[in-house]
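Enquirer:
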Amino acid sequence: MHLIRLPHDADLVTAITEECVRLGVTRGTVQVIGALKKATLGFYPQDVKEYQSHDIDEPTEILCGIGNISLLDEKPFVHMHLTLGKSDCSVVGGHAMSPCPIFAAECFIQPVEGPTLVREFDETTRLKLWKQS
Ligand code: ZN
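Under the numbering used here, the first residue of the sequence shown carries the number 49, and numbering increases by one thereafter.
Right, here's the structure in full:
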C-alpha cells in the first residue's frame, strides 16, 4: 500500500494518475481523503449517455474518494467517485472530473495482483468499461 500526500493546487485525478505512472501501478484500488478548493463532478444520464458536469464553486472536504486503477490506451487510468462535504455539512457527490484543485489530500494506492485490466468501449452503455475476461 502506498501512502502519498498529494501536492497543493494539483488536480486530484491528474495527481493520482501521475503517482500510478511513477509507481508502475496499472491495476489496483485508490482511496483519498482531504479537501478541495473547488470541484467538478460528473453525472452520467443513462438515456443521454453523455457526462453532465457540475461545478462546485466552493471549498469542500473529501469525505470519501474511492476508485480503481486500470489501463486505458496502455496508460494507467484512474476512475474515481467523490463524496464531498460543504461548510454547512451537506453532501454532494459524483464522478470525479477535472478540475478538482487540491487544498490537501492524503491518498492510499493499493496495487492488486492479477491479469492486466484493460478498458474498452462498451456499445450498450457508451462507457469505457473493463474488458470481459
Ligand atoms: Zn464514474
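Where is the CB? At the ideal position from N, CA and C, for every residue including glycine.
(1) Would you list the one or two residues that DSSP bridges to Gln94?
(2) Express the C-alpha separation of Val69 and Val166 in angstroms, rounding to a whole number.
(3) Measure how close the beta-carbons of Lys85 and Pro107 come, nearest whole angstrom, since I'm counting them as under 8 Å.
(4) For Cys112, name the three-state secondary structure that DSSP assigns.
(5) Of the choices Ser101, Asp121, Pro159, Ile114, whose alpha-carbon is the least far from that of Pro147?
(6) Quick check on the DSSP output: the alpha helix (DSSP H) that includes Glu67 runs from which residue to which?
(7) Would DSSP call Cys155 helix, strand or coil?
(8) Quick one: is Thr173 buried, meaning 16 or more other Cβ sit within 10 Å of its Cβ, or exposed?
(9) Specify, as a first and last residue, the run of the beta strand (DSSP E) that Asp170 falls within.
Expert: Looking at the atomic coordinates:
(1) Paired residue(s): none; Gln94 is not in a bridge.
(2) 15 Å
(3) 6 Å
(4) strand
(5) Ser101
(6) 60-71
(7) strand
(8) exposed
(9) 167-170
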